[in-house]
Amino acid sequence: MKIFDRLFEQQARQLAQRSSRRGLLKGLGGLLVGGAAVPLLPVSRVHAAEKPMDKGDPSSCDYWRYCAMDGFLCDCCGGSANTCPPGTEMSPITWIGTCRNPADGRSYIISYNDCCGKSSCGACLCQRDEGDRPPYRPDKTNDINWCLGTESAAYHCSTAIVVGVAFEET
Amino acid sequence: MKIFDRLFEQQARQLAQRSSRRGLLKGLGGLLVGGAAVPLLPVSRVHAAEKPMDKGDPSSCDYWRYCAMDGFLCDCCGGSANTCPPGTEMSPITWIGTCRNPADGRSYIISYNDCCGKSSCGACLCQRDEGDRPPYRPDKTNDINWCLGTESAAYHCSTAIVVGVAFEET
Amino acid sequence: MKNLRKVGLVGATLVSLAGGVAMSAGGQPPPLPIEPIGIIETLPKDYPESWFLVHDASFFQMSDGKVYVIDIEGNDLHEQVKGTFNVVLMGNLTQSARRHEIYATETFHSRGTRGKREDLVTIWDQETLSPVGEVLWPKPKRFTGMPQRFAMLLIDNDRWLAVANFSPATSVTLIDLDTRKIINEIPTPGCVFVYPTGERGFSSLCADGRFLSAELAEDGTLIELTRTDVFFDSDTTPIYERPAVIGDTAYFPTLAGLVYPVDISGKVAKVGEPWSLVSETESEGKWAPGGIALIDKDDLGRFYILMHPDSKDGSYQGGGPEVWVFDPVKQKRVQKISMQAWGLSLAVSRGKTPQLMVTNPTDMSLEIYDGLSGEFVKTITGFGQSTPLMMHGSR
Amino acid sequence: MKNLRKVGLVGATLVSLAGGVAMSAGGQPPPLPIEPIGIIETLPKDYPESWFLVHDASFFQMSDGKVYVIDIEGNDLHEQVKGTFNVVLMGNLTQSARRHEIYATETFHSRGTRGKREDLVTIWDQETLSPVGEVLWPKPKRFTGMPQRFAMLLIDNDRWLAVANFSPATSVTLIDLDTRKIINEIPTPGCVFVYPTGERGFSSLCADGRFLSAELAEDGTLIELTRTDVFFDSDTTPIYERPAVIGDTAYFPTLAGLVYPVDISGKVAKVGEPWSLVSETESEGKWAPGGIALIDKDDLGRFYILMHPDSKDGSYQGGGPEVWVFDPVKQKRVQKISMQAWGLSLAVSRGKTPQLMVTNPTDMSLEIYDGLSGEFVKTITGFGQSTPLMMHGSR
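Here you go:
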């Protein structure tokens with residue numbers, strides 16, 4: 529069981545960054561929704577495709593949709609990146625992040641709907657907090673238990689659902 | 529947090545014994561109550577005392593009273609070897625062990641009263657099981673939740689109370 | 053089903069796009085579709101052979117015990133964890149494949165660990181992992197303690213569920229699973245747990261070294277209670293309360309390493325001649341059984357038992373470094389499996405290619421071994437477990 | 053008290069011996085006395101300065117959250133752990149030294165994690181660690197989430213307890229602690245939490261970057277709600293919702309490393325000029341605050357804050373390797389404490405020799421540092437903790 533390693537992930541990330549500065553791009557999604565005038569990074573148009581593109585491992589905290597995540601990834605709990613595990617209920621109220629999909633260079637609005645009614649899944653704890661704000665900004669906070677408007681207030685895990693494109697280069 | 533180390537203690541004991549055979553004496557208490565004809569080990573009479581003698585660390589699983597213990601030691605939870613932590617209730621029903629006090633060479637009847645009404649203490653897990661029997665022998669089993677006859681069935685920790693001398697050399 | 057989701061994530065634009073965002077020109081792929089909100093996964097009605105129910109009573113947080121439905125064929129947590137449900141305060145589990153239900157004894161207090169106590173059996177639907185019913189005890193008394201395979205028993209082709217009580221007075225509560233009501237409570241003075249016996253009965257194991265066999269009528273009333281002869285001494289020659297039941301025989305190991313075959317086909321348990329798990333040579337090394345869920349059987353008629361050397365008083369629940377596999381008809385060991393490190397509990401999957409799951413108590417991971425070859429297959433861990441000390445191969 | 057017990061264990065024959073066992077001859081010591089059964093420890097009414105309330109919301113088992121009463125002067129677990137109580141489902145804590153009571157928000161469901169939900173404040177007696185009262189919400193709506201120091205607030209010399217709600221509509225429930233009844237609920241639209249303001253009031257922090265200050269009448273009714281001017285932008289210049297309150301000033305750090313001193317002596321919060329925690333040189337290293345319970349104060353008028361270098365979007369709750377101690381009147385750093393490894397949350401003891409407790413997120417141990425010298429004192433661990441991310445120096 530590596531729960532403490534996972535809780536400690538942010539320290540690890542921090543330390544890694546101090547030396548290599550890797551992961552700097554991760555912060556962009558959050559800044560964009562804040563309205564800051566950060567230009568989109570150039571998107572490679574070489575490998576163009578006709579189908580929507582989504583790459584990465586939904587069981588990994590590094591997956592692009594999880595930029596503002598703080599919780600257990602439902603993908604490791606019997607659900608998926610955008611569905612709840614059996615026997616839970618999905619919270620209709622939620623917090624929002626804006627994450628950049630590296631496969632198409634677009635930023636998407638992500639709704640982090642919690643799955644509720646069973647106790648903590650306990651697997652794949654992921655805290656990234658990009659664009660996250662304290663609870664006085666409910667629309668942008670993951671520090672609140674979002675099992676609201678559900679029958680049960682017990683938090684189980686969190687999804688990351690694409691609900692829109694943040695903006696589009698034309 | 530070393531909870532798994534502690535759960536694993538028995539394996540460690542086992543392995544240690546395989547090489548050094550240390551700790552062989554620990555089993556005696558249990559065998560004695562079983563009625564087996566194992567003679568008492570010679571007791572040193574050199575350091576005689578006029579006061580009852582009780583040595584050892586009540587926070588350690590090795591403490592002599594814990595020979596048939598399986599649970600969290602109340603001594604690490606706000607209680608002691610023979611008292612319950614604040615706000616708990618002591619189970620009136622319990623299992624019994626017979627443990628040899630190395631300080632006076634006597635075997636004592638130990639009552640392992642559980643403290644109940646709060647969730648697992650979580651500290652100082654100790655499993656020794658000497659003289660322990662499966663639940664068909666309730667008087668000698670520690671596999672049952674002894675929070676019985678208490679208001680709450682929640683198990684918190686276990687005490688080890690001297691309730692009598694098992695027998696006496698004369 | 054999960055695989056649909058995968059398509060949903062990377063597939064074509066099944067759903068209309070966010071208002072006004074056009075398909076891109078210049079070779080850039082079209083944007084990801086908006087995804088539906090509110091989808092809850094479901095499971096197949098019949099659980100595959102590779103699925104286990106991993107029961108984590110969570111001894112450090114007993115208010116938060118859990119069952120994980122685990123597919124050992126999965127390559128990662130997404131594929132391995134099919135779902136979970138809670139089982140509060142040292143519950144026990146049993147599964148009815150015929151009813152597609154899982155039964156769990158639980159205990160609640162109105163204020164978590166304090167307040168009014170309620171004991172019940174919660175009935176979980178296998179497809180939805182949702183509770184579909186509960187049976188409340190009129191007065192709480194169900195057995196709570198270390199997890200047991202035979203604290204509950206399905207009887208009469210899964211028509212009834214028998215549940216062991218311990219208050220410390222002992223009895224068995226009988227539940228009709230069609231009506232989900234308690235239909236009887238049979239006192240079992242001096243005897244505990246529920247082992248299968250006959251077509252419509254059960255046996256309990258007694259402090260004085262015998263079985264108490266109960267014969268039940270069609271309506272659940274008691275026809276007769278019969279005590280067998282004494283066959284062991286609970287002080288000097290104790291047996292485990294944990295048998296492997298294979299067909300009409302329940303194999304009860306003793307702490308010292310014998311096995312009693314018990315014929316459970318009739319109305320009264322019939323104890324046979326014990327034989328030894330341990331050869332003369334091994335006996336010098338003081339090999340003996342040891343563990344929590346230390347024994348289980350496969351569908352090939354064999355049983356698996358955790359063994360440790362240098363046994364002594366107090367070591368009988370501590371697990372061991374090896375699993376020995378026996379053909380109990382031939383009274384012969386057919387396989388010896390060495391753990392990566394140590395095993396504390398085990399369970400075996402059903403079917404023709406049995407897989408062995410063992411709890412590694414060092415890191416509380418689950419190790420999988422091939423039941424036929426004995427080879428190590430993989431480790432399953434990181435799924436949120438705390439103390440997964442009872443596992444059940446799915447039925 | 054504990055020390056009595058120690059005497060009981062090794063002391064003289066206070067209790068008569070087991071029937072018929074005589075005092076031994078030949079120099080063998082007399083046997084140990086029979087010990088009384090049923091003794092429950094109690095604690096002093098007033099908690100010493102060296103005691104902390106360690107709140108472990110147990111994020112992996114939220115049905116089993118706990119508070120540990122810890123004496124950091126103890127040399128071993130027996131001396132360190134004074135007792136525990138449960139706090140279920142992401143509760144919050146506050147303590148009244150005057151009333152010798154601890155208040156905890158909790159949420160229960162009739163079936164653990166399902167069934168009817170009830171929100172309440174449980175009132176714990178400091179001497180017995182037993183619940184002596186509870187205040188039930190008519191409709192559950194109390195704030196649940198990561199632990200907060202200001203989700204609850206004692207008002208008017210501990211006469212009232214104000215509790216933050218979030219459903220997601222925001223309000224504050226006002227409880228009279230003499231009668232243990234709810235006397236009012238004040239809506240705080242767009243604003244959350246409860247910060248001290250004036251003699252009989254509170255303020256909440258709003259999404260639009262200002263305070264909402266509530267002035268209350270003697271009977272708990274609302275006299276006036278006042279919104280201050282906007283002083284921050286929650287998108288571009290966010291502040292932490294976690295101040296250190298020293299006397300009449302609440303110091304609110306910003307994510308970027310400024311501090312807003314807020315005068316809370318009047319009926320309406322008065323925001324002062326911000327100053328920087330970070331020097332120009334440090335600013336090149338991108339030092340900024342970071343952590344869960346990242347700030348606390350001592351009785352010498354100083355505040356302690358967890359700091360980390362290389363800050364970036366997303367790092368503001370990740371903790372840091374150093375604690376910086378400030379004299380906020382002089383707006384000057386007076387101490388810099390390097391953690392053994394990393395700190396995620398902190399709390400400071402009261403009194404003239406403040407001791408700093410820091411959660412080490414690697415192994416979830418608690419490290420103690422001397423608040424004056426900054427020196428590492430000891431590690432406290434192994435007491436059963438899972439995720440002890442909020443600590444309170446005892447009052």
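Protein chains in written order, with my numbering: chain A, 529 to 698; chain B, 529 to 698; chain C, 53 to 447; chain D, 53 to 447. C-beta atoms are modelled at their ideal positions from N, C-alpha and C, and glycine is treated no differently.
For residue i, would you say it is in contact with chain B, using Cβ-to-Cβ distances shorter than 8 Å as the test?
i      : result
E87/D  : yes
N412/D : no
Y292/C : yes
T65/D  : Any answer about T65/D is weak, because its pLDDT of 32 lies below 50 and its placement is not dependable; what the coordinates show is given next. So yes, T65/D belongs to the interface.
Taking DSSP's pairing of strands, which residues face residue i in a bridge?
i      : result
E237/C : T225/C
R279/D : L264/D
H360/C : A340/C
A156/C : L145/C and T174/C
Q387/D : V377/D
C685/B : C643/B
W103/C : D123/C
F304/C : Y312/C
I432/C : L418/C
W327/C : V311/C
Measuring straight from C-alpha to C-alpha, what distance separates residue i and residue j?
i      : j      : result
I389/D : I124/D : 18 Å
R447/C : V297/C : 14 Å
D654/B : D598/B : Per the sequence shown, the amino acid found at residue 654/B is Cys instead of Asp. The alpha-carbon atoms of C654/B and D598/B are separated by roughly 5 Å.
P305/C : W189/D : 54 Å
G143/D : E679/A : 18 Å
G625/A : V693/A : 11 Å
G299/C : N127/D : 57 Å
G403/D : P88/C  : 56 Å
P341/C : S588/A : 41 Å
F632/A : V690/A : One detail in the question is off: residue 632/A reads as Asp in this sequence, not Phe. Spanning the two alpha carbons is a distance of roughly 14 Å.
Looking at C-alpha atoms only, which residue of the options is the closest neighbour of residue i?
i      : options                           : result
Y368/D : L358/D, K349/D, V377/D and L205/D : L358/D
T273/D : I235/D, I91/D and G126/D          : I235/D
A109/C : D98/C, V140/C, T94/C and K134/C   : V140/C
Q80/C  : C652/A, N629/A, N670/A and D660/A : N629/A
G615/A : K579/A, C602/A and E578/A         : C602/A
K168/C : A681/B, W592/B, C649/B and P580/B : A681/B
S397/D : V320/D, T159/D, G370/D and R166/D : G370/D
Taking Cβ positions only, does residue i come closer than 8 Å to chain C?
i      : result
G692/A : yes
N610/A : yes
P662/B : yes
T616/A : yes
D177/D : no
K579/B : no
For residue i, does the count of other Cβ atoms within 10 angstroms reach 16, so buried, or fall short, so exposed?
i      : result
D657/A : buried
I275/D : exposed
V282/D : exposed
P662/B : buried
Q383/D : exposed
T146/C : buried
D590/A : exposed
K579/A : exposed
For residue i and chain D, any beta-carbon pair shorter than 8 Å?
i      : result
Y683/A : yes
P666/B : no
K583/A : no
A596/B : no
D590/A : no
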